[in-house]
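Chemist: Quick note on the working numbering: the sequence shown kicks off at 1 and runs consecutively.
Glycine included, C-beta positions come from ideal geometry on N, C-alpha and C.
Every value quoted in this text rests on a predicted model; they were computed, and no experiment measured them.
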Amino acid sequence: MTTGVRRRMGVEERRQQLIGVALELFSRRSPDDVSIDEIASAAGISRPLVYHYFPGKLSLYEAALRRAADDLASRFVEPREGPLGARLLRVMGRYFDFVDEHGPGFSALMRGGPAVPAGGAFSMKTSSTTNALVDSVRQRAYEQILSHMGAVDPPARLELVVRSWISLAESTALLWLDGRRIPRAELETQLVHDFAALCAVAAAHDEELGVLLRGLLKDEPGDGPFVDLVGRLMALASR
Numbered sequence: 001m002t003t004g005v006r007r008r009m010g011v012e013e014r015r016q017q018l019i020g021v022a023l024e025l026f027s028r029r030s031p032d033d034v035s036i037d038e039i040a041s042a043a044g045i046s047r048p049l050v051y052h053y054f055p056g057k058l059s060l061y062e063a064a065l066r067r068a069a070d071d072l073a074s075r076f077v078e079p080r081e082g083p084l085g086a087r088l089l090r091v092m093g094r095y096f097d098f099v100d101e102h103g104p105g106f107s108a109l110m111r112g113g114p115a116v117p118a119g120g121a122f123s124m125k126t127s128s129t130t131n132a133l134v135d136s137v138r139q140r141a142y143e144q145i146l147s148h149m150g151a152v153d154p155p156a157r158l159e160l161v162v163r164s165w166i167s168l169a170e171s172t173a174l175l176w177l178d179g180r181r182i183p184r185a186e187l188e189t190q191l192v193h194d195f196a197a198l199c200a201v202a203a204a205h206d207e208e209l210g211v212l213l214r215g216l217l218k219d220e221p222g223d224g225p226f227v228d229l230v231g232r233l234m235a236l237a238s239r
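1) Just verifying my parser: in three-state terms, what is the DSSP assignment at Lys218?
2) Ordered along the chain, which non-local residues of its own chain (more than five positions away) have a Cβ less than 7 Å from that of Gly120?
3) Considering Cα atoms alone, identify which of His148, Gln144, Gly179 and Glu188 is closest to Ser74.
4) Alpha carbon to alpha carbon, how far is Gln16 from Val137? Give it in angstroms, no decimals.
5) Answer with buried or exposed for Ile182, where buried requires no fewer than 16 other C-beta atoms within 10 angstroms of its C-beta.
6) Specify the secondary structure class of Arg180 as computed by DSSP and reduced to three states.
7) Among the residues of its own chain, which have a CB less than 6 Å from the CB of Asp76, if the five just before and after it don't count?
8) Quick check: what's the CA-CA separation for Ile166 versus Arg28?
9) Rounded to whole angstroms, what is the Cα-Cα separation between Gly241 and Pro225?
10) Compare the Cα-Cα distances from Pro48 to each of Ala156, Leu18 and Ser30 and report the closest residue.
11) Taking the alpha carbon of Lys218 as the reference point, which residue from Ile39, Glu208, Ser128 and Leu84 has its own alpha carbon closest?
12) Buried or exposed: where does Gly105 fall if 16 or more other Cβ atoms within 10 Å of its Cβ makes it buried?
13) Does the distance between the C-beta of Pro48 and the nearest non-hydrogen atom of the ligand MG fall short of 8 Å?
14) Should the region 58 to 72 be called in touch with the region 93 to 110, which here means at least 3 C-beta pairs below 8 Å?
15) Going straight from the alpha carbon of Asp37 to that of Arg14, what length do you get?
16) Using only CA atoms, which one of Asp97, Gly231, Tyr61 and Ser107 lies nearest to Asp279?
17) Could you say which of Leu109, Ala151 and Asp228 lies nearest to Leu133 if we only look at CA atoms?
18) What are the start and end residues of each continuous alpha helix (DSSP H) run of 4 or more residues lying completely inside the region 1 to 63, in chain order?
19) Over what stretch of residues does the alpha helix (DSSP H) that includes Pro83 continue unbroken?
20) Decide if Met124 is buried, meaning its Cβ has at least 16 other Cβ atoms within 10 Å, or exposed.
21) Run the CB neighbour count on Gly44, radius 10 Å, all protein chains shown included, and call it buried at 16 or more, exposed below.
22) Measuring only the C-alpha atoms, how far is Ala203 from Lys57?
23) Taking Gln190 as the reference, give the member of Val211, Leu213 and Val230 with the closest Cα.
24) Roughly how many whole angstroms lie between the Cα atoms of Leu213 and Thr129?
Now the structure itself:
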C-alpha cells in the first residue's frame, strides 16, 4: 500500500497551475468578481502562497490573459491543405470554441481588461497590457490568413480586407455572447461568406488580387462555403 503524499511542485509548475486555475475562473465570471482567496482554494494552496508566485491579482490576471491570447491566436493555425473555404470554416469553428468556452475572459481580453476606476494606475497598466496582447493576436491571425491564401507579398487591398475581417469576427463573437440569439454554426458560415464577399469586392478594384482570388476559387468544391454563397446571392437576385 502507498500513502497519499502531495507532490511538491516546482516554481514554474506551480505558476502554470495558478495561471490555469485563474484562467478557468476568469472564463466563467468577470475577473473583478474572482478573489485571490478563490484562486488559492481552487489551487489547493494558501492565500500567502499565491502572493509568493504573483505579487497581486493584476499580475496573475495578465499572465492568464497572455495564455488566453496565445490559445486564441493558435486557433487560426491550419495546414495549407484542401480548399480555402473549408479551411476558414474550420478556423471559425475553433475560434468560436474558444469564445464559447471562455466567454467572460474573451470579452475582457477584447474590451481591454476588467472594469476598474478610470484614470488609475491599475486601469492604465491593465489597458496597456491587454491592448498589446490583442494587437499580437490580431497580427498573428493576419499572418495566418495570408498564409492560408498563399499571399507572400499581399496587395494593399488584401491587407485591408483581412484586417477588416478579423475585426468583424471579433465584434460578431462579442455580440453573439450577448444572448447567443443566432445559432453558432450559422455565424461561423456567415463569417466565411463575409470573407469571400470582402475579397470579391476588393478584387473588383485590384487585378493582382483578382488573379490570386481566381486561383483560390478554382479549387473550391461545389458544396463548399464559397460556392454556397454564390448560390445564395443568385437566389436572392432572382426573387
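Modeler: In short:
1) If DSSP states are grouped into helix, strand and coil, Lys218 belongs with coil.
2) Note that Gly120 scores 41 on pLDDT, short of 50, meaning its location in the model is unreliable and no value can be drawn from it.
3) Proximity to Ser74 across His148, Gln144, Gly179 and Glu188 peaks at Gln144, based on C-alpha coordinates.
4) Going by the C-alpha atoms only, they are around 21 Å apart.
5) Within a 10 Å sphere around the beta-carbon of Ile182 sit fewer than 16 other beta-carbons, which makes this residue exposed.
6) Of the three classes helix, strand and coil, the one that applies to Arg180 here is coil, per DSSP.
7) Note on identity: in this sequence residue 76 is Phe, with Asp being the wrong assignment. For Phe76, same chain residues with a beta-carbon under 6 Å away, outside a window of 5 residues either side, are Val91, Ala141 and Gln144 in chain order.
8) Looking at the two C-alpha atoms, the distance is approximately 24 Å.
9) Any answer about residue 241 is impossible in this case: the structure gives the chain only from 1 up to 239.
10) The option with the nearest alpha carbon to Pro48 is Leu18.
11) If we check each option's Cα against that of Lys218, Leu84 comes out closest.
12) Under this definition Gly105 is a buried residue.
13) No copy of the ligand MG occurs in the structure displayed, which carries no ligand at all.
14) Judged by Cβ distances under 8 Å, the region 58 to 72 makes contact with the region 93 to 110, as three or more pairs qualify.
15) Roughly 16 Å separates the two Cα atoms.
16) The requested residue 279 does not occur in the structure, where the chain is confined to residues 1 to 239.
17) For the residues Leu109, Ala151 and Asp228, the minimum Cα distance to Leu133 belongs to Leu109.
18) Whole alpha helix (DSSP H) segments, 4+ residues: 11 to 28, 36 to 43 and 47 to 53.
19) For Pro83, there is no enclosing alpha helix (DSSP H), as DSSP gives it neither H nor E.
20) Because the pLDDT of Met124 is 42, which lies under 50, any placement of that residue in the model is unreliable, and the number read from its coordinates should be weighed accordingly. In summary, Met124 is exposed, with fewer than 16 beta-carbon neighbours lying within 10 Å of its beta-carbon over all protein chains present.
21) It counts as exposed.
22) Distance from the CA atom of Ala203 to the CA atom of Lys57, rounded to whole angstroms, is 48 Å.
23) For Gln190, the nearest C-alpha among the options comes from Val230.
24) Each residue's CA atom was taken as its position, placing Leu213 and Thr129 some 37 Å apart.
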